[in-house]
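Engineer: Numbering (the numbering used here), first residue to last: 188 to 691.
Here a beta-carbon is modelled for each residue, glycine too, at the ideal position from N, C-alpha and C.
On a predicted model such as this, the values are computed, not experimentally measured, just so you know.
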Ligand SMILES: Cc1cc2nc3c(=O)[nH]c(=O)nc-3n(C[C@H](O)[C@H](O)[C@H](O)COP(=O)(O)OP(=O)(O)OC[C@H]3O[C@@H](n4cnc5c(N)ncnc54)[C@H](O)[C@@H]3O)c2cc1C
């Protein structure tokens, strides 16, 4: 039987980060990935030589000495990840509230965003200042948001105990202002009435500060991982999963049975996969019903219906061409909570992302659109795998693509003759591509007062990380891996690595 110090299950950004962190301190790691390719949501796909992003389009956190930069440095891949900042004076993000026919451009930087909002909402200066001051205070007081502070036990802030909805309700009654300040709920997929005000701030503040794409998209992270992993004691098993956690004694799993028939032992095993799938892997006879109920009560975040397209151009496209505000959010109504209701009728909120993508010697104007979607919309095909779905599924997809295109052309009429859709993906597509049980975009909801699956499981040597642990997104999933990895390697090794890599 093979023996490793650690097993890491899932090779998305969470699994890759954890595998590197563990291996950097000399631990032997087995990285187990169910798909044939590693990278999970970070993977791109190509059509006619044009690259398209699947689950990573942009992120905050590239300005100054940020958590993201520090984490990249900690695992030794920062020099391989090059941000491409979007926006600037024209704004990185535009929000259109269709029902009110109102449009807001949010420039980069919290101060600039606050000033712009004060122009749009002249009677709300106090609310806007209070929102940004609160968001900054929450981030400053959250120990996990800096690797540079000594480890501190997480403190529950007052903003952890109220919902975003309630927090904003205390500041303003202006529905449009609330919508604009809630817009980054789209990047974690939980309703404003369900997420804590603090967790919203932890995600949104970085996005207000700066928004960046990454050169070569999520593929850059996968390539950086591969490069860095060379020479480190990481063994990768693709198209493999753990089918059984066996020989449990003293709440410790002694043997891991893999789907390829191999059996291995390990001191620790960390799952960076969906909590429902973690539960499926645990030996049921050793877990309490309360734990099972807790996990099965978790609810999926929103899913996405994605339309991937390119603007055909007879002329060569310059890689440095300006493309206007890169992120456009279309909200049918200012009620973001209602937008996250799977039973709501009518158009859904959508996000249009425009970028110049270069592959080889050619650049392309890529326009991808993500529309909020739910399994409720695709219930009739939930039990069919790809290739088994009937015509009605294709018709549903075609209808959606046409409606999304019409909404896109309403904003950018000049695209009507040149926009070419290359692929459409429903939550079912994401379910299969990401091996996720529900096709949700961000794993399970981080609901206020809910105890997510993070850190040690009810077994001494099993742990949970990944996007459902702390917060989703590249930063959230990496941060969960750093916290879990730190616990595994121990404080001394962690502090030594921090010193070597970050000079602190
Ligand atoms: C459409 C969409 C758009 C998004 N846009 C952004 C964005 O712009 N910016 C951003 O920061 N975030 C974005 N996200 C969210 C972000 O992609 C995720 O939060 C993050 O990448 C999750 O990383 P992860 O490693 O936790 O999980 P994943 O990337 O899902 O990786 C999990 C891996 O585990 C594997 N796996 C699953 N089950 C098993 C098993 N039983 N055994 C072995 N392996 C298994 C999967 O195949 C996968 O490779 C988006 C997500 C989606 C779906």
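Mapping DSSP to helix, strand and coil, what is residue 656?
Structural biologist: As a working mapping, residue 656 is identified with position 469 in the chain shown. It is coil, neither helix nor strand.
Engineer: Since residue 555 sits in a beta bridge, which residues does DSSP pair it with?
Structural biologist: Position 368 of the chain shown, counting from 1, holds the residue named residue 555. The partner list for residue 555 (beta bridge, DSSP) reads 495 and 540.
Engineer: Can at least three beta-carbon pairs, one atom from the stretch 368 to 384 and one from the stretch 197 to 207, be found at a separation below 8 Å?
Structural biologist: no
Engineer: Give the DSSP-derived three-state secondary structure of residue 156 in the structure shown.
Structural biologist: What the structure shows of the chain is the stretch from 188 to 691, and residue 156 is not part of that stretch, so it cannot be assessed.
Engineer: Hey, could you find the ends of the beta strand (DSSP E) residue 456 is sitting in?
Structural biologist: By 1-based counting over the chain shown, the position of residue 456 is 269. Per DSSP, residue 456 belongs to the beta strand (DSSP E) from 450 to 458.
Engineer: Say yes only if the C-beta of residue 212 is nearer than 7 Å to one or more non-hydrogen atoms of ligand 1, and no if none qualify.
Structural biologist: To locate residue 212, count along the chain shown from 1; it is residue 25. No, the Cβ of residue 212 stays beyond 7 Å of every heavy atom of ligand 1.
Engineer: Which same chain residues end up closer than 7 Å to residue 596 when comparing Cβ atoms and leaving out the 5 residues on each side of it in sequence?
Structural biologist: Numbered from 1 along the chain shown, position 409 holds the residue referred to as residue 596. So the list reads 602 and 603, once near-sequence residues are dropped.
Engineer: Looking at the unbroken alpha helix (DSSP H) that takes in residue 260, where does it start and where does it end?
Structural biologist: In the chain shown, residue 260 corresponds to position 73, counting from 1. It spans 254 to 261 - the alpha helix (DSSP H) in which residue 260 sits, taken as one unbroken run.
Engineer: Go to residue 284, then tell me how far its beta strand (DSSP E) extends in each direction, as first and last residue.
Structural biologist: Counting from 1 along the chain shown, the entry for residue 284 is found at position 97. Residues 280 to 284.
Engineer: Comparing alpha-carbon positions, which option in 217, 246 and 213 lies nearest residue 229?
Structural biologist: Position 42 of the chain shown holds residue 229. It is 246.
Engineer: Give a yes or no on contact between the stretch 607 to 623 and the stretch 571 to 589, applying the rule of three or more CB pairs nearer than 8 Å.
Structural biologist: yes
Engineer: State yes or no: is the C-beta of residue 527 within less than 8 Å of the C-beta of residue 587?
Structural biologist: Stepping through the chain shown from its first residue, residue 527 is reached at position 340. Stepping through the chain shown from its first residue, residue 587 is reached at position 400. Not a contact, by the Cβ cut-off of 8 Å.
Engineer: In three-state DSSP terms, what is residue 447?
Structural biologist: As a working note, residue 447 is residue 260 in the chain shown. Residue 447 falls in the coil class under three-state DSSP.
Engineer: Residue 367 and residue 660: beta carbons closer than 8 Å?
Structural biologist: Here the question's residue 367 lines up with position 180 in the chain shown. Here the question's residue 660 lines up with position 473 in the chain shown. No.
Engineer: State the Cα-Cα distance for the pair residue 411 and residue 268, rounded to the nearest angstrom.
Structural biologist: Taking the first residue of the chain shown as position 1, residue 411 is located at position 224. Taking the first residue of the chain shown as position 1, residue 268 is located at position 81. Looking at the backbone, the Cα of residue 411 and that of residue 268 are separated by about 7 Å.
Engineer: What whole-angstrom Cβ distance do residue 258 and residue 553 have, given they're in contact under 8 Å?
Structural biologist: On the chain shown, residue 258 is found 71 positions in, with the first residue counted as 1. On the chain shown, residue 553 is found 366 positions in, with the first residue counted as 1. So it is not a contact: roughly 27 Å between Cβ atoms.
Engineer: Taking the alpha-carbon of residue 242 as reference, which of 687, 667, 529 and 626 has the nearest alpha-carbon?
Structural biologist: Mapped onto the chain shown, residue 242 falls at position 55. The shortest Cα separation from residue 242 among 687, 667, 529 and 626 belongs to 626.
Engineer: Would you call the stretch 446 to 461 in contact with the stretch 646 to 654, where contact means no fewer than 3 C-beta pairs closer than 8 Å?
Structural biologist: yes
Engineer: In this structure, how does DSSP classify residue 612 when only helix, strand and coil are distinguished?
Structural biologist: Position 425 of the chain shown, counted from the first residue, corresponds to residue 612. Looking at residue 612 - three-state DSSP - the assignment turns out to be strand.
Engineer: Assign residue 426 to one of two classes, buried (16 or more other C-beta atoms within 10 Å of its C-beta) or exposed (fewer than that).
Structural biologist: Sequence index remark: in the chain shown, residue 426 carries index 239 (1-based). Label assigned to residue 426: exposed.
Engineer: Ignore the nearest five residues each way along the sequence and tell me which others in residue 583's own chain have a CB closer than 7 Å to its CB.
Structural biologist: To locate residue 583, count along the chain shown from 1; it is residue 396. Taken in chain order, the list of residues that qualify is empty.
Engineer: Shorter than 7 Å, the distance from the beta carbon of residue 392 to the closest heavy atom of ligand 1, or not?
Structural biologist: Position 205 of the chain shown, counting from 1, holds the residue named residue 392. The answer is no for residue 392.
Engineer: Tell me whether residue 482 is buried or exposed, calling it buried when 16 or more other Cβ atoms sit within 10 Å of its Cβ.
Structural biologist: Here residue 482 refers to the residue found at position 295 of the chain shown. It counts as buried.
Engineer: Taking the alpha carbon of residue 432 as the reference point, which residue from 198, 645, 346 and 655 has its own alpha carbon closest?
Structural biologist: In the chain shown, residue 432 corresponds to position 245, counting from 1. Cα-wise, what sits closest to residue 432 is 645.
Engineer: Using only the heavy atoms of ligand 1, determine whether one of them is closer than 7 Å to the beta carbon of residue 632.
Structural biologist: Numbered from 1 along the chain shown, position 445 holds the residue referred to as residue 632. No.
Engineer: For residue 294, count neighbouring Cβ atoms within 10 angstroms of its own Cβ and tell me buried if that reaches 16, exposed if not.
Structural biologist: Position 107 of the chain shown holds residue 294. Counting Cβ neighbours within 10 Å, residue 294 comes out buried, since at least 16 surround it.
Engineer: Check for me: the beta strand (DSSP E) holding residue 561 runs from which residue to which?
Structural biologist: Along the chain shown, read from residue 1 onward, the residue named residue 561 stands at position 374. Where residue 561 is concerned, there is no enclosing beta strand (DSSP E), given that its DSSP letter is neither H nor E.
Engineer: Is any non-hydrogen atom of ligand 1 found closer than 7 Å to the C-beta of residue 196, if you look at the structure I gave you?
Structural biologist: Position 9 of the chain shown, counted from the start, is the residue given in the question as residue 196. Flag set: Cβ of residue 196 near ligand 1.
Engineer: At a threshold of 7 Å, does residue 387 count as lining ligand 1 (C-beta to nearest heavy atom)?
Structural biologist: For this step, residue 387 is matched to residue 200 along the chain shown. Incorrect: residue 387 has no Cβ contact closer than 7 Å to ligand 1.
Engineer: If you draw a straight line from the alpha carbon of residue 464 to that of residue 221, how long is it in whole angstroms?
Structural biologist: Looking up residue 464 in the chain shown gives position 277. Looking up residue 221 in the chain shown gives position 34. Taking the straight line joining both Cα atoms gives about 12 Å.
Engineer: Whether or not the stretch 543 to 557 and the stretch 498 to 509 are in contact is what I'm after, with contact meaning three or more pairs of Cβ atoms, one per stretch, closer than 8 Å; do they touch?
Structural biologist: yes
Engineer: Just how far apart, CA to CA, sit residue 226 and residue 413?
Structural biologist: On the chain shown, residue 226 is found 39 positions in, with the first residue counted as 1. On the chain shown, residue 413 is found 226 positions in, with the first residue counted as 1. Counting only the Cα atoms, residue 413 lies some 10 Å from residue 226.
Engineer: Is the CB-CB distance between residue 540 and residue 513 below 8 Å?
Structural biologist: Against the chain shown, residue 540 aligns to sequence position 353. Against the chain shown, residue 513 aligns to sequence position 326. In contact: residue 540 and residue 513 (Cβ atoms closer than 8 Å).
Engineer: Can residue 332 be considered in contact with ligand 1, in the sense that its beta carbon sits closer than 7 Å to one or more heavy atoms?
Structural biologist: As a position in the chain shown, residue 332 is number 145, starting the count at 1. No; taking the cut-off as 7 Å, the Cβ of residue 332 has no heavy atom of ligand 1 nearer than that.
Engineer: Can you tell me whether residue 359 is buried or exposed, with buried defined as 16 or more other CB within 10 angstroms of its CB?
Structural biologist: Numbered from its first residue, the chain shown carries residue 359 at position 172. Buried, by the Cβ-count rule.
Engineer: Can you tell me whether residue 439 is buried or exposed? The criterion is at least 16 other CB atoms within 10 Å of its CB, across all chains shown.
Structural biologist: As a position in the chain shown, residue 439 is number 252, starting the count at 1. Result: exposed.
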